Every structure is written in C-alpha cells, then in structure tokens.
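Remarks on the structure that follows.
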Amino acid sequence: MSGTYLGMPAFPTAAASSTQDGRLRANLRYATHTIRDKRAKAVAELDDWARLRAAGAAVKDRTLRHLDHYLEQLEEAVTAAGGQVHWAADAAEANAIVARLVRETGEREVVKVKSMATQETGLNRALAEAGISAYETDLAELIVQLGDDLPSHILVPAIHRNRGEIRDIFRERMGRWGRAAPEGLSDAPGELAEAARLHLREKFLNAKVGISGANFMVAETGTLVVVESEGNGRMCLTLPETLISVVGIEKIVPTWQDLEIFLQLLPRSSTAERMNPYTSMWTGTADGDGPRTFHLVLLDNGRTDTLADTVGRQALRCIRCSACLNVCPVYERAGGHAYGSAYPGPIGAILTPQLRGTASELDASLPYASSLCGACYEVCPVAIDIPEVLVHLRERVVQGGKVTRRGVKTVLKPAKGHAAERAAMRAAGFAFDHPGVLRAGQRLAGRTRRLHPRRLPGPGHAWSDTRDLPPVPAESFRDWWRRTRGEERGK
Amino acid sequence: MRVALFVTCINDTLHPDTGRAVITLLERLGVEVGFPEEQSCCGQPQFNTGYRHLTEPLVRRYERAFRDYDYVVTPSGSCAAMVRDNYPRIAERAAAEGRGGRDLAEAAARAVPKTYELTEFLVDVLKVTDVGAYYPHTVTYHPTCHGLRMLRLGDRPRRLLEHVKGLELRELPGAEECCGFGGTFAVKNPAVSAAMGADKVRAVRETGAEAVCTVDNSCLLHIGGMLRREGAAARPVHIAEILAATEADTREPAGMEGSPR
C-alpha cells in the first residue's frame with residue numbers, strides 16, 4: 121500500500137481479501153468495540169443528547185442552505201483579520217495553491233496537523249512532486265506516513281495497526297525521516313509515545329510553515345477551530361511563521377453560539393470525551409503571537425455538486441467524528457482500506473460517490489458496502505440518515521438520472537454490469553404485480569423441489585458458498601390458504 | 273376489528289409454516305384473520321437495490337389489497353418497516369418527479385397506520401404478553417436490525433417469549449449486531465456478509481440454545497443457512513411459530529421436527 125487510492129479494486133474484491141486477514145480483523149474488532157462502548161457511555165450521560173443532535177442537524181442544514189452568504193461573510197472576516205483567502209474548485213487546484221504558497225516562503229519542509237481535507241486532496245504527494253517534504257505530526261498519521269501506508273479510519277488513521285507493528289515501523293523507519301527511535305524500543309504505549317514525541321519535537325522547532333485543516337470556521341468572526349487531543353496541532357498552529365489551512369466549504373458555522381452545540385457533540389461522539397483536550401482557535405493573524413502569515417484555502421472538490429442533491433446533501437452535515445465507523449459491522453470486518461478513499465466506513469460510502477462521482481467501479485460499489493442495518497444513523501451526532509442516502513445512491517448507480525457535476529446539470533447513464541439484475545428486478549416486479557404469475561412460479565418451484573441443487577451455479581454461488589439453501593416447501597402459503605380456507609373467506 | 277395477514281413474499285414461498293402459525297396464534301386469541309390474495313411483495317428488495325420506480329405499483333397494490341381491513345399484521349420486521357418508513361418516501365419522490373400524484377401519497381398514508389409487525393400487534397393492539405404458548409426448549413433471541421432500529425420493537429418480542437411456558441431464554445452475546453444478511457448485500461458482498469454471519473452463528477452456538485429466534489425469516493434464511501452448513505444443532509425458528517405452539521398441539525414443536533428447514 122503506498123500513498124494513493126487510485127486504481128484500487130471495487131469494495132467486494134478488496135473486502136474479500138481483507139476479511140481473510142486475521143490480524144487486521146482482531147485489531148479492528150478490539151479497537152472499534154472499545155471506542156463504541158466508551159462513546160455509548162459518554163453520550164448516555166447527557167439528558168439532552170437527542171435535542172443537541174437535532175440542533176446540530178438544524179444548524180448545519182440552515183448553514184448549507186445559505187452557504188454562499190456565509191462563505192462571503194467568512195472571507196470578509198478572515199481578510200479583515202489579516203488572513204488571505206483562496207478558492208479551490210477541486211483537489212488539483214487546492215494542491216497547486218498550497219505548493220505555490222510554500223514555495224513563496226522559500227521553505228522545503230512543512231509540518232502538518234491531522235487533516236481530512238488534505239488527505240482527500242492527496243496534498244502530501246503533490247507537495248513531494250513539488251520538492252516539498254510534508255511531515256505528519258499526529259501520532260497515528262505519523263505511523264501511517266512512516267509505514268508508507270494509507271489511513272484506514274477518520275479519527276484513528278492507524279487503527280489497523282497494533283502496538284507490535286507500530287514498534288517495528290518506528291524502529292525501521294523513524295531514522296529515515298529524522299530522529300531515529302531510541303535503542304531497544306519496546307511496544308509499551310508510554311515508550312512508543314515518547315519516541316514519537318522526541319522525533320516530532322525536532323520537526324516542530326525547525327518548522328517555518330504549518331499546514332492544517334479545520335473542524336469549524338465561524339463565519340461571524342472569521343475564526344478557525346481545530347479540535348485535537350495530542351497537542352501536536354497546537355504546536356503546528358502556533359510555532360511556524362506561515363500557516364496554511366485547507367478547509368472544505370461545508371465546515372462553516374454562522375456564530376460562536378452555534379459552535380457551542382458542536383463542541384459538545386463532537387468529542388463525545390468521536391473520542392468519548394466530555395470535553396475536547398486541545399481546542400485551538402485563531403482569527404487571522406496577531407502581532408507577536410503565532411504565525412505572521414495566514415492563508416485559508418477554501419475547498420469545493422464536489423461539495424457544491426453534492427449540495428445540489430436534495431437527498432444526498434445531508435452528507436455535508438458530517439463533522440468527521442467517525443462514530444459511524446466504530447459501530448459499522450461492515451467496516452469492522454472489511455477494514456478502512458477497502459473503501460478506497462480518505463473517507464472510509466458508512467460516511468465514506470455516501471460521501472465518496474458524491475464527491476468523486478460513481479464513474480469508477482470502486483466508487484459505484486461503495487453504496488452497496490452496507491447491510492442497511494442502521495447502526496450508523498443511530499449514532500450520527502448530526503442525524504445523517506446514511507441508509508437513506510445509500511439507497512438513493514444505489515438508485516443513481518443502477519438507474520442513472522439527474523446529477524450535478526462541476527456545477528453543470530447532467531443526466532447520468534445507468535452503470536454497466538447491472539443488466540441481469542435489472543432484468544431480474546423487472547421480472548420480479550411483474551410477478552409481484554400479477555399474483556397469478558407469482559403463484560405459478562411458486563408451484564413450479566414446489567414441484568421441482570427435489571431437483572434443486574444444494575449449491576447454486578453462476579452468481580448464486582455468492583450465496584451457496586457459505587450458506588445452505590432453504591428447501592422449498594411443497595405448498596406455498598397462498599395455495600394452503602386457498603385449499604383449506606377457500607376463496608370466500610380470504611377475498 | 274377486521275384483521276388481515278400480510279404474509280410477505282418470502283414467507284409465502286419459503287416459510288408457509290410461519291404464515292400458518294400467525295393464523296393459529298391470532299385465532300386462538302379470538303381474532304378472525306383474513307388473507308386477501310391480491311397481496312404480493314412489499315417492494316423492499318427492489319427499493320433497497322435502487323429500483324424505487326418498480327415499487328410504486330406495489331405500494332398501490334398493498335393499499336388496494338388491505339383496503340377493507342383495520343389492521344394488517346405481518347410476521348416480518350423489515351417488511352413492516354418498509355411500509356412504514358419508505359412508502360411515504362416513495363410517494364413523496366414520485367410526486368417530486370411529476371408522477372403518482374395524490375393517489376400514491378394517499379395510498380401510502382392509508383397503508384402506514386394500519387400496518388403492524390406481529391409482536392407490535394400482540395403487545396400494543398391486543399395488549400397481551402402471555403399468549404398461552406408452550407415451547408419446552410432453550411431459545412436465544414436475535415433482534416433484527418429493522419425491528420430494532422426502524423420499528424423500535426424494544427422488549428416486545430422478549431416479553432412475549434418470557435411468558436412462553438417451558439421456554440428458557442438464553443442471552444445472545446452481541447445481540448444487536450447485524451447478522452450480515454442485508455438482502456442483496458448477502459450476494460453483492462458475500463465475503464463481508466459471511467464474516468458477519470460467522471460471528472453471529474458463533475454467538476448463537478455459544479449460548480448452547482436449541483433454537484435461535486427472530487421476527488424475520490429473511491435474517492433466519494442467512495443465519496440458518498450458515499448453521500446448517502456448519503452442521504450446528506441450533507435451529508432457526510420464527511417467533512410466530514414459538515408463540516403458536518401449545519401443550520395441546522401434539523405435533524413436534526416448530527423448528528424441532530428434525531428435518532431441517
């Protein structure tokens with residue numbers, strides 16, 4: 121696995137191999153169940169959780185409805201506070217802007233705060249191509265970067281790794297990027313954290329440029345907010361001379377009062393903490409305190425198109441807490457890499473096909489990466505009805521229809537490879553709307569029951585490889601009813 | 273009180289015993305049950321696979337089939353949830369796309385309030401938890417996802433099971449986790465579906481129960497199919513068949529015939 125999601129196979133193929141990886145399954149099961157249980161306890165402490173959740177959803181919906189207004193208000197406020205605002209229509213434009221801004225400082229190295237937006241745009245790779253080294257400073261992102269790996273979780277990017285693997289990565293790779301791991305490093309969490317601390321301290325003290333995302337942007341004052349729990353973010357946001365923040369346009373909240381809701385919803389949903397440990401907020405630049413230059417790169421990259429879809433737009437409420445990943449039985453077994461995107465799990469399955477479209481085989485497979493069990497919707501702190509959007513996107517895949525791509529309304533053709541399914545669904549639809557046909561089919565199945573094979577040929581093997589088929593009864597319910605009760609009663 | 277059975281297409285075709293059990297049970301409780309033959313499928317497989325348009329005639333058919341009844345009782349949590357959660361949505365979207373008009377919305381509005389999953393009907397409408405059943409076996413209960421999270425069945429099925437004479441209820445570890453069926457998910461993502469099913473089956477076997485029971489035969493198709501493949505002793509059995517069983521009924525209790533389902 122090396123640094124890119126491009127060209128990855130469709131979800132079922134990737135999951136077919138990841139589900140066979142015993143160590144991965146064990147790591148994920150342990151980690152997701154631990155966080156899941158802690159979150160449930162933290163949420164249960166608040167009597168008004170349901171109302172907070174409704175308020176969070178409502179504030180996000182209202183903000184998205186008037187996004188143009190709030191974006192302009194934000195730009196004005198950031199500019200007035202001494203920041204510079206840049207607009208990026210897509211990932212390539214955002215990466216080009218950041219690379220140019222770094223080059224203009226004359227620096228070749230940057231330190232990074234954990235950021236989903238820059239994972240989405242593949243910024244590190246783009247910077248490397250421009251001759252700039254980007255150092256991840258979040259512990260888990262560091263593990264992923266040193267391991268030449270990809271994140272597999274929104275909040276815990278190295279969730280697929282256990283301590284032993286982390287110790288090995290630190291021992292083998294730290295020296296190549298800077299200060300090497302101490303001799304005789306063990307897999308004790310304290311020792312691993314200390315090794316990372318020593319390695320990163322060097323980076324913080326030398327860095328002249330910091331790159332971050334943001335969890336929230338407050339439109340009324342132009343204030344950016346980063347929520348983290350290691351303190352690395354605080355270092356990157358305060359020590360460098362230049363700070364560049366790449367933020368999705370949906371991260372706006374109108375006022376500080378609105379922020380209050382999310383600072384309760386986010387920590388309890390993500391890390392099961394009552395209050396977030398390091399909450400950094402900054403408004404433009406301040407003389408003699410923190411970075412002297414501040415750039416805000418506002419990223420669209422499919423968000424405006426997503427906003428145009430009345431069902432799918434609720435995905436833009438997401439505050440990246442990852443509670444949906446931690447309760448998802450599919451994520452737990454397939455792992456994050458199978459989703460082929462910076463956004464894995466249930467939220468990724470509805471966000472990625474909207475941000476990137478459904479043209480690739482992988483992206484078209486994501487809406488099906490769910491049993492529709494609904495656990496994700498139940499824990500979502502902003503009430504995104506993920507199953508509803510999944511089904512909506514399945515419809516887009518098999519039926520095509522109206523979508524917006526890069527701001528232009530187009531009509532999508534149905535995806536390839538669903539012809540047999542479509543025919544079967546239509547045939548079933550006909551039978552279900554003609555009970556006489558249904559009855560004839562049932563009788564045929566009943567009379568030939570002794571001839572049914574135990575294992576199915578063709579696509580049916582997907583079922584019968586692991587599960588026995590139920591025997592077909594000699595008589596359907598409807599035939600039994602007609603035989604024993606007659607038509608007069610059951611008209 | 274005019275009550276109809278909506279047997280569902282899966283039960284109609286593959287599990288007629290479940291439909292018969294509902295009739296037996298409700299008649300024992302003094303309810304006369306009708307079976308309008310115009311009924312077919314709720315449309316869930318088509319809807320969840322992305323073929324929403326194909327479900328519109330089925331919404332109309334459902335409403336037409338049950339028009340003369342006050343209550344529609346169905347031994348399926350997910351089919352009841354399909355009607356309740358998705359029929360209004362189907363009508364709303366059709367209207368937004370310039371199809372369906374008022375009649376589809378009205379059909380959905382008439383269908384929703386009269387539709388009850390079996391345990392809801394027993395506990396909420398008939399207000400019984402002791403249905404006079406006898407089932408001398410150890411049983412573990414798997415709350416299906418749609419029953420749990422869409423219908424919010426809560427402890428209704430458990431309360432009914434706890435009152436069954438002779439039945440010993442065994443706690444299922446990780447009960448609220450999906451079994452991995454998920455309709456077409458089971459064949460579109462067979463590896464993950466089977467991995468989820470294997471964990472569920474392991475949990476069922478850990479309980480040592482003779483039977484695993486749910487409110488949905490579709491989930492049992494998957495769980496039971498895996499149990500059988502593994503040669504496990506535990507049998508899948510629909511809750512209706514347990515609740516229909518009595519001491520007077522001399523037949524082998526449901527699910528225990530020895531011949532696998």
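Chains as they are written, first to last, in the working numbering: chain F, 121 to 611; chain G, 273 to 533.
Just so you know, even glycine gets a beta-carbon here, dropped at the ideal spot from N, CA and C.
As the structure is a computational prediction, the values presented were derived from the model and not from experiment.
- Proximity of chain G to F/Glu595 at the Cβ level (cut-off 7 angstroms) is accounted for by Pro288, in chain order.
- For F/Ser485 against F/Pro132, the beta-carbon gap comes to about 6 angstroms, under 8 angstroms, which counts as contact.
- Residue environment analysis places G/Met354 among the buried positions, since at least 16 neighbouring C-beta atoms fall within 10 angstroms of its C-beta.
- Using a CB distance cut-off of 8 angstroms, F/Arg598 counts as an interface residue toward chain G.
- Annotation for F/Ser596: Gln562 place their beta carbon closer than 6 angstroms to its own, counting only its chain and skipping 5 residues before and after.
- Using a Cβ distance threshold of 8 angstroms, G/Val487 and G/Pro445 do not count as a contacting pair.
- What G/Arg424 touches in chain F, judged by beta-carbon distance under 8 angstroms, is nothing: the nearest beta carbon there is about 11 angstroms away.
- Straight across, the Cα-Cα distance linking F/Leu262 with F/Tyr497 is about 31 angstroms.
- For F/Phe336, the enclosing beta strand (DSSP E) has its first and last residue at Phe336 to Val338.
- For F/Asp409, the three-state secondary structure derived from DSSP is strand.
- Residue pairing by DSSP places F/Gly368 opposite F/Leu419 in a beta bridge.
- Under the DSSP definition of a beta bridge, F/Ile331 partners with F/Lys232 and F/Ile364.
- In this structure, F/Val276 lies away from F/Phe336, with their beta-carbon atoms at least 8 angstroms apart.
- Here F/His581 is exposed, its C-beta having fewer than 16 other C-beta atoms within 10 Å.
- Counting only runs that start and end inside the segment 479–530 of chain F, the alpha helix (DSSP H) elements of at least 4 residues fall at 481–485, 495–499 and 506–519.
- The segment 279–296 of chain F makes contact with the segment 307–314 of chain F, as at least three CB pairs between them are under 8 angstroms.
- Interface residue (Cβ-Cβ distance to chain G less than 8 angstroms): F/Leu359 is not classified as such.
- Around F/Ala162, the same chain offers Arg388 and Ala392 as residues with beta carbons nearer than 6 angstroms, after the five sequence neighbours per side are excluded.
- Across the structure, G/Glu309 and F/Pro555 are spaced so that their CA atoms are roughly 8 angstroms apart.
- When only Cα atoms are considered, F/Ala339 and F/Leu383 end up about 16 angstroms apart.
- Using a 10 angstroms sphere on the CB of F/Asp420, the tally of other CB atoms reaches 16 or more, which defines it as buried.
- At a cut-off of 8 angstroms between beta-carbon atoms, G/Pro445 makes no contact with chain F.
- Excluding its 5 nearest sequence neighbours in each direction, F/Val509 has C-beta neighbours in its own chain below 7 angstroms: Val431, Gly432, Gln434, Ala435 and Ile470, listed in chain order.
- Distance from the CA atom of G/Glu448 to the CA atom of F/Asp268, rounded to whole angstroms, is 37 angstroms.
- Contact check for G/Tyr407 and G/Ile514: beta-carbon distance about 5 angstroms, within the 8 angstroms limit, so the pair qualifies.
- Under the criterion of beta carbons closer than 8 angstroms, F/Arg516 and F/Leu532 qualify as touching, at roughly 7 angstroms.
- Remark: three or more beta-carbon pairs, one from each stretch, lie closer than 8 angstroms, so the segment 543–555 of chain F and the segment 314–333 of chain G are flagged as touching.
- Here the C-alpha atom of G/Leu425 lies approximately 11 angstroms from the C-alpha atom of G/Arg431.
- For the segment 475–509 of chain G, residues whose beta-carbon sits nearer than 8 angstroms to a beta-carbon of chain F comprise Leu493, His494, Gly496, Gly497, Met498, Arg500 and Arg501.
- For G/Pro462, the nearest CB of chain F lies under 8 angstroms from its own CB, placing it at the interface with that chain.
- A contact between stretches requires three or more CB pairs, one per stretch, nearer than 8 angstroms, and the segment 196–205 of chain F fails this requirement with the segment 422–430 of chain F.
- As a beta-bridge residue in DSSP terms, F/Met401 pairs with F/Val345.
- At a Cβ-Cβ threshold of 8 angstroms, F/Ser365 and F/Gly333 count as neighbours.
- For G/Tyr359, the secondary structure class from DSSP, reduced to helix, strand or coil, is helix.
- Looking at the backbone, the Cα of F/Ala495 and that of F/Pro507 are separated by about 9 angstroms.
- Residues of the segment 302–325 of chain G with a Cβ closer than 8 angstroms to any Cβ of chain F, in chain order: Gly306, Phe307, Pro308, Glu309, Glu310, Gln311, Ser312, Cys313, Gly315, Pro317, Gln318, Phe319, Asn320, Thr321, Gly322, Tyr323, Arg324 and His325.
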